[in-house]
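Take a look at the structure below.
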Amino acid sequence: MLILNGICFAIGEIGRCGSLPITFEKKLEVSNRLINLVKSEKMPMKLREKAAISVGQLCVGDSTFPHRQVIIDGLIKTSLNVEEIELHLSVGEALVSSSDESYLANLLDELIQVHTKSTHPKMKQASCLWLLSVVKNSLEFSSVKERLLKIQSAFMGLLGETSDLVQDAAAKGLGIVYESCTEEQKTNMANQLVGTLLEDKNTVIKQVTEDTKLFEKGELGNAPSGGNISTYKELCSLATDLNQPDLVYKFMHLANYNMAWESRKGAAFGFGSIAKRAGKQLEPLIPKIVPKLYRYQFDPTQKIQQSMSMIWNTIVHEPRKTVDDCFNTILEELIRNLTSNEWRVRESCCGALQELLRGRTFDDENLVYIPSLWKDLFRVMDDIKETVRAAAVKAATALSNMCIKMVDMGVNSAEKLLKVILPALLEKGILSSVSEVKSISLNTIMKISKNAGISLKPHLSTLIPSLLEACTGLSDRNRTIRKIYAGVIGHLMKTAKDSSVEKLVNKLTNWYVTDTSRISVAYTFQAINQYNHDVINSHAAKFMPIVFMAMHEGDPNGEEDDESKREIIQIWKEIWNEGTPTTESGITLYLTEIIELLSSSMDAQQWKVNKERKKLCALLLKGLAGRTWSGKESLVESLSYICSSPEGILDNGEDSDVNEEKLIEVIFKECKKEGNIPYRMVALRSVGMILDNLELDYFDKLYKIVFPFIKVDKKQDDDDHTDPKEENASKKRRVKYENILDEHEEDKTKLELQRVIFESLGRAWPKNASSTQKQYMVDFTELIFNHIENTTIKNLTCLVKTTGTKRNTTLCSSNMSVTLVIPKAVALKVESLNTLEITIQNLEAYHEEAATAFKEEIAPSLNDVVKDLALESSVKSRARNLKQTLFP
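Okay, so the sequence shown: first residue is 16 according to my numbering, each after it adds one.
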């Protein structure tokens, strides 16, 4: 190989210095052998390059060399399928050496008209490098000067190729051509380059053959068979295999899209090569170039971005001043293309807009652009391409910061800005389904609301309804959006009416109780407490009960595994601590409201509410320990409210804070406490409610505790008792009851205690425990019967209710036959009819003899009710219907 290298070099040097001293035929043989060396793929690349240079030098020293055309044709043909750049450059040098004035014209025409327009990428690369070499080294020839416009067109066409090498070579060629042009030609070339650079579509028409390379290798991945997808033939084959002919058109559209941007990138190369030389010709075009060139600097393709930045730095000597002078045209260019159908245009517009707005403010004339900017940015923030969405979020953030800054600058600016910005944010922003759009809209409104001051007042009529309509954002999955919504509400509370504040608290309380969005409720309370603490102080009775309930959501010992839960609990505790002097005083101050909230939330079936009920129940049981103190009855009442349903209260584990044994022990202990009759009555009433709601059978224990207070003296009983089976017994009792309608003042407390006891016993009567019912049915029935003959109207009403729970026909008929005929006691008669209706509904369950006796005894009393002129028609009608049910 070293010998061949030396031979090639020697032949070339001999040819360069003079004519070869050999015959015509030998000269042809030497030329062909050198061309074959260039063509041979087996030879080293350095040898092929040396052979190409040598064959060209054969024509340098011999002006009459007879085989010039053979060498030119051989060099062109042997290099068509070659990719090596060094070899192409060597062939280009050889073509220049082998072409004199007479052959140069034909060579240029062949390169310009044939090879540079080839669809084969390797041929285009080779022809571009050859043309560059010819132009660079042969400008003094008339053949080149006469074809400058054609050469320019050829290089312009090559600017649109995907190869960076071809684009760079074409750009250098344009620079060389530009230097040789007349002033008119220079102006035309500059206009043509600017047109290619700024046009929205590619104007270069491409011929496509089956070997035309439309995409780079790997750009579209691989075909199912494992082959490449880059040429037109391979695309057609893929479409056929997939049985989707229309796929070809989609690929071609994408290829044309790529070509357009490659042409623009190539134009940037070419423009950059002449920009420094064409200052005079480009000066009139600067206002037209700057808007698009500013946007192109933010193109997502790094190479295009670099090329455009290079041009920008070349032609723009004072960037800040230039942008200020062309601000409106740049802004209009960005707005016009912000929603372009090409993703790279949208992304570049967002990047350019972010940079353009940084540190700037709009004057009054430019305020009209703000609504369209927000509207279009909201659309792009929901773009299908992730990078475009990210760029749009950054641009919207820059716009938001600018608007907030303008509001801070002064009242006049704020008023004008709010008129144009609020409609866009309220109509398109906060109601959007896109989380990023919601977030930035609310963040902007929140900061504007914080700083706008009185400028915001004229817009409250539209701002507040829109925010209320958008309150569903408090249940958004995105926690950031929830915080922002809550923050906006917290700011707006400063100007809200008292009625609006109360409605908001009621809504948030309902959300918390029903577990709709507890985190959002916490964030909203926190925002109100942070930004307008006076509102909480003014409506503390509304705010603090839910705060007290919510702060116990976590573990009673303060231990919580989940970090977010601990954060929320801490928020509630901070609000409570800031709103109350101490926990004890806060409970005392808002005890009534806390009890009402707890009682209203007991029906909630959510697991968290039941969990909190258990925790509160444990706290109340702990608080009931010890002696009786003023206000302790509220704890007992609270306990009965919390135990309003059995779900989630009792846990019969040994280590449980609330189990059946502990609950019964505490509540019955309170019932036994002496010396404070009112407290004892509260405890007894609460015990009945708890046993009834939790369906617990402790009637025996309660009966033994209260029996001393309701037992009837035997002597009095013997004197006054009348056998209910005795004929006309009910008539005898009627006369007696006419004399006991009024309570005696000295017996008032005792009678009230008895009323509470019977009410509690009625509630505690077991529903399903048949053994307890059998054990106490007779004694309890007799006890009620004895009290009915000698008590007050209030107690009679209570006894009637208690009677209805026993479902005993003898007791019911005996009692109802009396209570139905007591004059003036309308409420008692209504309650008696209620109890009677319950008994009649279950009458079929009794023996026929008992049912007949019941009907015979109750019928006269029902007749008296029907005939009573003092009663309302509805009561008499009900009695008539019950009688018809008994005697159909």
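All C-beta atoms, glycine included, are put in the ideal place defined by N, C-alpha and C.
Proximity below 8 Å, CB of residue i to CB of residue j
i, j, result
"arginine 770", "aspartate 707", "no"
"glutamate 652", "valine 697", "yes"
"leucine 346", "leucine 308", "no"
"threonine 376", "methionine 421", "yes"
"tryptophan 145", "valine 106", "yes"
"isoleucine 610", "leucine 635", "no"
"serine 113", "isoleucine 86", "yes"
"lysine 716", "phenylalanine 683", "yes"
"lysine 434", "isoleucine 445", "no"
"serine 158", "glutamate 116", "yes"
"valine 111", "asparagine 152", "yes"
"glutamate 774", "arginine 700", "yes"
"alanine 565", "serine 535", "no"
"serine 142", "serine 133", "yes"
"alanine 555", "glycine 594", "yes"
"isoleucine 855", "leucine 901", "yes"
"histidine 987", "serine 55", "Nothing can be reported for residue 987: it is not among the residues displayed for the chain, which extend from 16 to 903."
"leucine 933", "leucine 73", "Nothing can be reported for residue 933: it is not among the residues displayed for the chain, which extend from 16 to 903."
"isoleucine 348", "arginine 310", "This sequence places glutamate at residue 348; isoleucine is not what is there. In this structure, arginine 310 lies closer than 8 Å to glutamate 348 by Cβ."
"isoleucine 455", "alanine 411", "yes"
"leucine 848", "arginine 895", "no"
"glutamine 321", "phenylalanine 313", "no"
"serine 178", "glutamine 140", "yes"
"valine 520", "phenylalanine 558", "yes"
"alanine 413", "arginine 361", "no"
"serine 69", "leucine 49", "yes"
DSSP-derived helix/strand/coil call for residue i
i, result
"isoleucine 796", "The sequence shown places threonine at residue 796, rather than the isoleucine named in the question. In this structure, threonine 796 counts as helix in the three-state DSSP scheme."
"glutamate 451", "helix"
"tryptophan 327", "helix"
"tyrosine 193", "helix"
"histidine 554", "coil"
"tyrosine 713", "coil"
"tyrosine 694", "helix"
"leucine 35", "coil"
"isoleucine 289", "Reliability fails at isoleucine 289, whose pLDDT of 46 lies under 50, so the model's placement of it is uncertain and no value is given."
"alanine 25", "helix"
"glutamate 155", "coil"
"aspartate 179", "helix"
"phenylalanine 377", "coil"
"glutamine 317", "helix"
"proline 739", "At proline 739, the pLDDT of 42 sits below 50, so the modelled position is not reliable; the number obtained from the coordinates is stated separately. Correct three-state label for proline 739: coil."
"glutamine 856", "helix"
"histidine 567", "coil"
"cysteine 686", "helix"
"methionine 396", "coil"
"arginine 581", "helix"
"asparagine 674", "coil"
"glycine 646", "coil"
"valine 45", "helix"
"tyrosine 311", "helix"
Distance between beta carbons of residue j and residue i, contact taken as under 8 Å
i, j, result
"isoleucine 561", "threonine 524", "5 Å"
"valine 890", "valine 845", "6 Å"
"proline 306", "cysteine 341", "6 Å"
"threonine 812", "leucine 843", "5 Å"
"arginine 63", "leucine 102", "6 Å"
"glycine 13", "threonine 603", "Past the edges of the chain, shown from 16 to 903, lies residue 13, and the structure says nothing about it."
"tyrosine 713", "leucine 776", "At roughly 11 Å, the Cβ-Cβ gap does not stay under 8 Å, so tyrosine 713 and leucine 776 are not in contact."
"phenylalanine 170", "leucine 189", "5 Å"
"lysine 76", "alanine 109", "Note that residue 76 is glycine in the sequence shown here, rather than lysine. Incorrect: roughly 14 Å between the Cβ atoms, too far for contact."
"glutamine 790", "proline 781", "With 8 Å as the limit, glutamine 790 and proline 781 do not qualify as a contact, their Cβ atoms being about 10 Å apart."
"isoleucine 837", "leucine 851", "Not a contact, Cβ separation roughly 14 Å."
"leucine 173", "threonine 131", "6 Å"
Any chain B beta carbon closer than 8 Å to residue i
i, result
"arginine 310", "Although the question refers to chain B, the structure presented lacks it and comprises just one protein chain."
Enumerate, from N- to C-terminal direction, the unbroken alpha helix (DSSP H) stretches of 4 or more residues contained entirely within the region 54-130. 60-72, 83-93, 100-113, 116-128
Inside the region 327-374 only - alpha helix (DSSP H) runs reaching at least 4 residues: 334-340, 342-352, 358-372
Which full runs of the beta strand (DSSP E) of 3+ residues lie inside the region 496-521, going along the chain? none
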